[in-house]
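Each residue of the sequence shown is one higher than the one before, starting from 978 at the first, in this note's numbering. Here a beta-carbon is modelled for each residue, glycine too, at the ideal position from N, C-alpha and C. Bear in mind that the values here come from a model prediction, so they are computed numbers and not experimental data.
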Amino acid sequence: MSSNSFAYNENSGGGEATELGQDATSAISNSGAVGLFSSDLKKNEDLKQMLESNKDSAKLDAMKRIVGMIAKGKNASELFPAVVKNVASKNIEIKKLVYVYLVRYAEEQQDLALLSISTFQRALKDPNQLIRASALRVLSSIRVPIIVPIMMLAIKEASADLSPYVRKNAAHAIQKLYSLDPEQKEMLIEVIEKLLKDKSTLVAGSVVMAFEEVCPDRIDLIHKNYRKLCNLLVDVEEWGQVVIIHMLTRYARTQFVSPWKEDDGLEDNEKNFYESDEEQKEKADKRKKAYTMDPDHRLLIRNTKPLLQSRNAAVVMAVAQLYWHISPKSEAGIISKSLVRLLRSSREVQYIVLQNIATMSIQRKGMFEPYLKSFYVRSTDPTMIKTLKLEILTNLANETNISTLLREFQTYVKSQDKQFAAATIQTIGRCATNILEVTDTCLNGLVCLLSNKDEIVVAESVVVIKKLLQMQPAQHGEIIKHMAKLLDSITVPVARASILWLIGENCERVPIIAPDVLRKMAKSFTNEDDLVKLQILNLGAKLYLTNSKQTKLLTQYILNLGKYDQNYDIRDRTRFIRQLIVPNEKSGALSKYAKKIFLAQKPAPLLESPFKDRDHFQLGTLSHTLNTKATGYMELSNWPEVAPDPSVRNVEEVIELAKEWTPSGKAKKEKPAKKFYSESEEEEDSSDSSSDSESESGSESGEQGEEGDSEDSSEDSSSESESGSESDVENKRKAKRNSKTKGRGDSEGGETENEKSETSDSSSGESSSIEDSSSESESKSESESKSRKVTKAEHMNYALSKKNLLPQVLYAFTQEKETKIKQDRNLITKDVSLLDLDDFNPVSVPVARPTPALSPSLIADLEGLNLSTSSSVINVSTPVFVPMKTHVLLHRMSGKGLAAHYFFSRQPCIFGDKMVSVQITLNNTIDRKIENIHIGEKKLPTGMEMHVFNPIESLEPEGSITVSMGIDFCDSTQTASFQLCTKDDCFNVNIQPPVGELLLPVAMSEKDFKKEQGMLTGMNETSTVIILAPQNFTSSVILQKIVNVANVGVVPSGQDNIHRFAAKTVHSGSLMLVTVELKEGSTAQLIINTEKTVIGSVLLRELKPVLSQG
978 MSSNSFAYNE
988 NSGGGEATEL
998 GQDATSAISN
1008 SGAVGLFSSD
1018 LKKNEDLKQM
1028 LESNKDSAKL
1038 DAMKRIVGMI
1048 AKGKNASELF
1058 PAVVKNVASK
1068 NIEIKKLVYV
1078 YLVRYAEEQQ
1088 DLALLSISTF
1098 QRALKDPNQL
1108 IRASALRVLS
1118 SIRVPIIVPI
1128 MMLAIKEASA
1138 DLSPYVRKNA
1148 AHAIQKLYSL
1158 DPEQKEMLIE
1168 VIEKLLKDKS
1178 TLVAGSVVMA
1188 FEEVCPDRID
1198 LIHKNYRKLC
1208 NLLVDVEEWG
1218 QVVIIHMLTR
1228 YARTQFVSPW
1238 KEDDGLEDNE
1248 KNFYESDEEQ
1258 KEKADKRKKA
1268 YTMDPDHRLL
1278 IRNTKPLLQS
1288 RNAAVVMAVA
1298 QLYWHISPKS
1308 EAGIISKSLV
1318 RLLRSSREVQ
1328 YIVLQNIATM
1338 SIQRKGMFEP
1348 YLKSFYVRST
1358 DPTMIKTLKL
1368 EILTNLANET
1378 NISTLLREFQ
1388 TYVKSQDKQF
1398 AAATIQTIGR
1408 CATNILEVTD
1418 TCLNGLVCLL
1428 SNKDEIVVAE
1438 SVVVIKKLLQ
1448 MQPAQHGEII
1458 KHMAKLLDSI
1468 TVPVARASIL
1478 WLIGENCERV
1488 PIIAPDVLRK
1498 MAKSFTNEDD
1508 LVKLQILNLG
1518 AKLYLTNSKQ
1528 TKLLTQYILN
1538 LGKYDQNYDI
1548 RDRTRFIRQL
1558 IVPNEKSGAL
1568 SKYAKKIFLA
1578 QKPAPLLESP
1588 FKDRDHFQLG
1598 TLSHTLNTKA
1608 TGYMELSNWP
1618 EVAPDPSVRN
1628 VEEVIELAKE
1638 WTPSGKAKKE
1648 KPAKKFYSES
1658 EEEEDSSDSS
1668 SDSESESGSE
1678 SGEQGEEGDS
1688 EDSSEDSSSE
1698 SESGSESDVE
1708 NKRKAKRNSK
1718 TKGRGDSEGG
1728 ETENEKSETS
1738 DSSSGESSSI
1748 EDSSSESESK
1758 SESESKSRKV
1768 TKAEHMNYAL
1778 SKKNLLPQVL
1788 YAFTQEKETK
1798 IKQDRNLITK
1808 DVSLLDLDDF
1818 NPVSVPVARP
1828 TPALSPSLIA
1838 DLEGLNLSTS
1848 SSVINVSTPV
1858 FVPMKTHVLL
1868 HRMSGKGLAA
1878 HYFFSRQPCI
1888 FGDKMVSVQI
1898 TLNNTIDRKI
1908 ENIHIGEKKL
1918 PTGMEMHVFN
1928 PIESLEPEGS
1938 ITVSMGIDFC
1948 DSTQTASFQL
1958 CTKDDCFNVN
1968 IQPPVGELLL
1978 PVAMSEKDFK
1988 KEQGMLTGMN
1998 ETSTVIILAP
2008 QNFTSSVILQ
2018 KIVNVANVGV
2028 VPSGQDNIHR
2038 FAAKTVHSGS
2048 LMLVTVELKE
2058 GSTAQLIINT
2068 EKTVIGSVLL
2078 RELKPVLSQG
């Protein structure tokens, strides 16, 4: 298809350009310059038509253009309804682009996004693993708190999926759900614990990432999986390796004893030389015990070693930090070669690697000394790389290589990069401080640099020389004199301040020069930088104390200038110095010690590496790079003194795990074979037990369904014979239990009936099915309709369990679908027939209607198959309570005297069975009558309908009238917006229904309640634990509070601690079952079962605070 589309574009490119040119010309001519910025509505209409086309190529082209619009920052939100229709497309490429679009706009348009959730829920059961995974990814990307329970259930089911790709996406969704709702932490930990046992390399990295995000402190979850993770590490994808290695590094620091004590012991041998032999033996024995490395510790170090050769720099860096933090010091040297290899990578990688090497080289120089030349600076390196290399070269400098390095540094000083040249001068100063043999050489070299033409180089040299002279000032009086002469030419404030400080500290050694320098500085005081002014004040104070005859007046002049300076720091310093050095009556005791204070011996500065304090951060982390604790950073714990129990890592259930993770298809294949050769009673028992397990757990049935799909697609001839035997079992089971699992049993029984009608078989139900399965002609017809059977059976089971979910979703998408569904409903209501599922499966299959030729057992089953809203189970009852709370529709000030209030009467609407009845009270609050009150323009969301009241001719002053309206809210809490108009004005008003008013109460027995609840489990169940107020523990209070919030009916209960309520949604007739189960203490569990999971979640959220508060 791609080649065809390419050819098409190539041929028709000129035509498209011509059309675009014409459009642009017409736009400019019609609207002038404004047309350049106006939106092109025709393009969007064109896209909508393409999205509704029957051709996948047109849809795919439209989706590509829409995604392109999004990439350019254009707003494509108005296309949301048109795009959503294509979620169910069979073309995976279209689906992928639709999912991309939905993720982009789901958070902005939450109401519209919620309409597509049912589609994603269906996609979670799709036989294609890519579709299941994509649906889960999109569902978890919809940042709407209301669907948290749905996401939680979807993650639970996906974590048990047969496909490792789907399980991987479940692990990714865990992190998204946790960031959306941290309260789900405990339930997510259960899923993480389950996924950590997964042996798939595809899942390992993702679940460890989820573990690090959700519960990094739960080390106990790792114990049993530690060895498995170590062994899987080599085969995990690269980014998963990084996450696992970092997690195992933290794990090792908490579970193993330090391997560094052995190295420390070797260094302490000399200290212990004079100790007695017994003491030496005792210490040696202790060392031997302490240095026995745990086998699991060795396993981790051994299994990560091959990853040093990885092509991914992040993996190599992760292994390097692991060796640095947990391996013996004698073994850590192997990482140096791999890290040096990474210096051939991009600049960004070099920067991170060099930062980590700089930290390592401070503590262990020997690791990188053999690779000294690898850190020489290249002219093409950026400044940040050059600076880091200088740092490493300084750390590696020693007596043997300093001469080589100094020659290298001489070249660097001449660099055109002034920032790098300044850093080199600082490096020379550090080398002079660390290696005393070259201090004089470095100092002489720096003095030579004082005559450099570049001001920055001279300034940096002055600063470094100042620090070096502090170490031995008595020997370098000539250098100080030389620097004093440079004050006239140097303009950099830091350098000028450094020279003044040096002269002030050594003013007694240069008694002639110092007063003259102060004289020059007094002239330029007002024009100096603040940093220089402070040093001028200090110099004046020191000279006043040591040579007051020559400098007394000069110092007072400078103090007077400083007294009125604009900078308050300088004014404060001036006042402080004046009170300290110029004695007067107010001077305190400190004046006596002024000389000691100003001319105290200062310690020489210690030139240290800026990377010295970074070693307490874990290497390779963001915190280490920034040299500050980043959000989410977890510090490495100290080594334990005594190793925790290593037996916690022993996996005893190896055999059970192996059974669990064997391909489940094998077990499933053996089971039907056993049925085939077994007695009929055994067949009945096995089928009954399997149906019971399906009805008990939604997630289990989902797994069985998927496994069944995979079997059907993989087995051809064998599955045909098995399907025959299974149909026999289903017929026998239906004859015994015609009401237990009505939806599923009926659909399967009906399907068997279809096959009988197609083959014109008129014998009794059980005998005919046995004969048909054994006959050759029937097996041929079964093989011909094999593909139809599999997909149709799945869809029928889903539809019968979900009842009216399909019409609701399709109604929101398109009006044509609604008409079709209405026809199907009429057909079902008139005749007791099987459900025509054309909307699910486009292949048309004739619907067989019941005839007298059917067996009595099948007729009994079909009598219960009725999907209309007036089922025997769903009988609408009268409201238990009608709250008279009114809501303001239109305030009298906004309505120019017309006030309107509305409330929900909780009665079936007379205008339509899908509408909610709303009573509106209109009041005239002015002294003249208001005429022609009516409903004007309606702005309703897609699918919503409204039946308006008849226009009111006039409303007398102080008059009041109540009218009725019907609104079909489509089972959603979306706002119905419309205009309430009078003869003269129109006012915009809104009605937004509480979720409890979208329900009608239902009368049903406890038995029927439990049966319906059993079919609404899994994704259709939402629950929470609440803490009840003490006064809420009585039945009457619970009843009052629940019916006040929701229009539900009371279901009789045989247990005092369980209260049940039932209702159905007004639009689709879906059941809403509410259960309040009182627990011990003051807690209770609130459970809601419904197909409408979104409404169920909202209702749960509204009931929870009502029951909790007093």
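DSSP beta-bridge partners of residue i
i	result
M1923	I1944
V2051	F2038 and I2065
V1415	Per DSSP, none; premise fails for V1415.
E1998	N2066
A1876	N1900
I1938	L1899
N1852	A1980
Residues near residue i in its chain [Cβ-Cβ closer than 6 Å; skip 5 each side]
i	result
V2083	K2018 and V2022
V1213	T1178, A1181 and G1182
K1395	I1433
G1481	N1515, L1516 and K1519
V1291	First, the amino acid is wrong: residue 1291 is Ala here, not Val. So the list reads V1219, once near-sequence residues are dropped.
Inter-residue CB distance, residue i and residue j (contact presumed, cutoff 8 Å)
i	j	result
R2037	T2052	5 Å
L1899	V1940	7 Å
L2137	A1953	Residue 2137 cannot be examined here, being either before or after the span of the chain that is shown, 978 to 2087.
L2079	G1913	Inspection of the sequence shows that residue 2079 is occupied by Glu rather than by Leu. Contact doesn't hold; Cβ gap of about 32 Å is too wide.
L1370	L1382	6 Å
DSSP three-state assignment for residue i, whether helix, strand or coil
i	result
T1410	helix
K1174	coil
L1976	strand
P1885	strand
V1434	helix
T1551	helix
E1930	strand
E1505	coil
I1069	helix
V1326	helix
A1953	strand
I1119	coil
G2026	strand
E1084	coil
T1602	helix
V2071	helix
L1866	strand
Residues near residue i in its chain [Cβ-Cβ closer than 8 Å; skip 5 each side]
i	result
P1359	R1324
T2001	Q2062, L2063, L2077 and K2081
S2012	D2033 and H2036
W1301	A1309, I1312, M1337 and L1596
Identity of the residue in the options nearest residue i by Cα
i	options	result
E1308	V1559, T1281 and N1852	T1281
E1170	L1198, S1438 and E1160	L1198
S1066	D1088, L2050, I1108 and H1459	I1108
D1985	N1967, A1150, V2028 and P1617	V2028
K1510	C1484, V1487, S1525 and A1474	A1474
K1073	D1194, A1112 and P1617	A1112
V1296	Q1595, N1537, W1616 and K1201	Q1595
Q2008	C1963, S2085 and T1503	S2085
S1854	T1994, A1980 and D1033	A1980
Cβ shell of residue i (< 7 Å), same chain only, five flanking positions each side left out
i	result
M1046	A1053
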